[in-house]
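Participant: Each residue of the sequence shown is one higher than the one before, starting from 62 at the first, in my numbering.
Even for Gly, the Cβ is constructed at its ideal location relative to N, Cα and C.
All figures in this text were calculated on a predicted structure; none of them were measured in a lab.
I'd like to ask some things about the structure below.
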Amino acid sequence: MKKIIVALIATLLLAAPVLAETRIAYVDLQKALNLSKAGVQAKSEIAAQVKKYEAEFKAKRGELQKLKGELEKQAVLLSDSAKAQKERDFQQNVKELQRFQKDVKDELQQKDAAHTKRILNKLFGILQKLGKDGGYSMIIEKNEGAVIYADQSIDLTDELIKAFDAAQ
Numbered sequence: 062m063k064k065i066i067v068a069l070i071a072t073l074l075l076a077a078p079v080l081a082e083t084r085i086a087y088v089d090l091q092k093a094l095n096l097s098k099a100g101v102q103a104k105s106e107i108a109a110q111v112k113k114y115e116a117e118f119k120a121k122r123g124e125l126q127k128l129k130g131e132l133e134k135q136a137v138l139l140s141d142s143a144k145a146q147k148e149r150d151f152q153q154n155v156k157e158l159q160r161f162q163k164d165v166k167d168e169l170q171q172k173d174a175a176h177t178k179r180i181l182n183k184l185f186g187i188l189q190k191l192g193k194d195g196g197y198s199m200i201i202e203k204n205e206g207a208v209i210y211a212d213q214s215i216d217l218t219d220e221l222i223k224a225f226d227a228a229q
């Protein structure tokens with residue numbers, strides 16, 4: 062009899078949290094970043110800058126190849142000191158091109174990170190409101206590896222994108 066009472070009490074204690082409604086949802090923040098109006102605009106701005114820098118890089122690389130061709134053609138005609146000076150100039154131009162490429166890459170990464178941070182901060186604010194208004198106990202991020210399976214009915218990503226775009 063004592064075992065039955067202990068088992069009954071244990072069952073009731075374990076079942077009590079189940080009785081309270083726990084609402085859990087998830088969002089795909091990467092999808093929200095990519096499909097929101099602000100995310101699409103940020104990507105297009107960065108893509109435009111990439112095109113601009115690619116054109117600049119191609120022009121500089123073309124100049125460098127032209128300089129190399131001239132150096133190879135004139136190598137026989139130039140004195141050793143003039144040849145050495147042209148080679149130093151060429152190497153300096155190569156270093157400048159590499160530095161340009163690195164600077165552009167760093168700049169684009171910083172701009173992308175700034176856009177992402179700005180958009181995520183706004184998304185988090187909207188998620189807080191969606192969570193409170195929807196009575197959710199928890200909203201988790203889908204891509205962080207914590208979600209192995211989730212029913213589509215608890216996916217708030219599309220609702221988040223709509224609310225975010227409406228707030229812009």
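Determine contact between the region 185 to 198 and the region 145 to 160, defined as no fewer than three beta-carbon pairs at a distance below 8 angstroms.
Facilitator: These segments do not touch.
Participant: Over what stretch of residues does the alpha helix (DSSP H) that includes isoleucine 180 continue unbroken?
Facilitator: From DSSP, the alpha helix (DSSP H) with isoleucine 180 extends over 141 to 195.
Participant: Give the DSSP-derived three-state secondary structure of aspartate 216 in the structure shown.
Facilitator: If DSSP states are grouped into helix, strand and coil, aspartate 216 belongs with the strands.
Participant: Let me make sure I understand the geometry here. Which of Lys129, Ser105 and Glu168 has the alpha-carbon closest to that of phenylalanine 151?
Facilitator: Looking at the Cα atoms, Lys129 is the closest of the given residues.
Participant: Can you list, in chain order, the residues of its chain with a C-beta nearer than 7 angstroms to that of aspartate 173? Leave out the 5 residues immediately preceding and following it.
Facilitator: Ile107, listed in sequence order.
Participant: If you drop the 5 nearest sequence neighbours on each side, which residues of the same chain put their C-beta closer than 7 angstroms to that of glutamine 229?
Facilitator: Once the five neighbours on either side are set aside, the close Cβ partners of glutamine 229 are Lys98 and Ala99.
Participant: So, for valine 165: in the same chain, excluding its five sequence neighbours on each side, which residues have a beta-carbon less than 7 angstroms away from its beta-carbon?
Facilitator: Cβ neighbours of valine 165 beyond the five flanking positions: Tyr114.
Participant: Would you call alanine 109 buried or exposed, if buried means 16 or more other Cβ atoms sit within 10 Å of its Cβ?
Facilitator: By the neighbour-count rule (16 or more Cβ atoms within 10 Å), alanine 109 is not buried but exposed.
Participant: Going straight from the alpha carbon of lysine 190 to that of lysine 223, what length do you get?
Facilitator: Between lysine 190 and lysine 223, the C-alpha separation is close to 13 angstroms.
Participant: Let's test the definition: count the other Cβ atoms within 10 Å of the Cβ of lysine 111 and tell me whether it reaches 16, buried, or not, exposed.
Facilitator: Contrary to the premise, residue 111 reads as valine rather than lysine in this sequence. When all chains shown are included, valine 111 counts as exposed.
Participant: Quick one: give me the first and last residue of the beta strand (DSSP E) that alanine 211 is part of.
Facilitator: No beta strand (DSSP E) holds alanine 211; DSSP gives it neither H nor E.
Participant: Assuming lysine 178 and aspartate 89 make a contact with CB atoms under 8 angstroms, what is their CB distance in whole Å?
Facilitator: Not confirmed; about 18 angstroms, so no contact.
Participant: With DSSP as the reference, identify every bridge partner of alanine 86, one or two as the case may be.
Facilitator: Bridge partners of alanine 86: Ile200.
Participant: Run the CB neighbour count on lysine 94, radius 10 Å, all protein chains shown included, and call it buried at 16 or more, exposed below.
Facilitator: At residue 94 the sequence reads leucine, which differs from the lysine that was named. Label assigned to leucine 94: buried.
Participant: Just to check my reading of the structure: leucine 125 and leucine 158 have Cβ atoms closer than 8 angstroms, yes? What is that Cβ distance to the nearest angstrom?
Facilitator: Confirmed, Cβ separation roughly 6 angstroms.
Participant: Buried or exposed: serine 214, going by 16 or more other Cβ atoms within 10 Å of its Cβ?
Facilitator: Exposed: under 16 other Cβ atoms inside 10 Å.
Participant: Closer than 7 angstroms by C-beta to serine 198: which residues in its own chain qualify, once you throw out the five before and the five after it? Chain order, please.
Facilitator: Taken in chain order, the residues that qualify are Thr83, Arg84 and Ile85.
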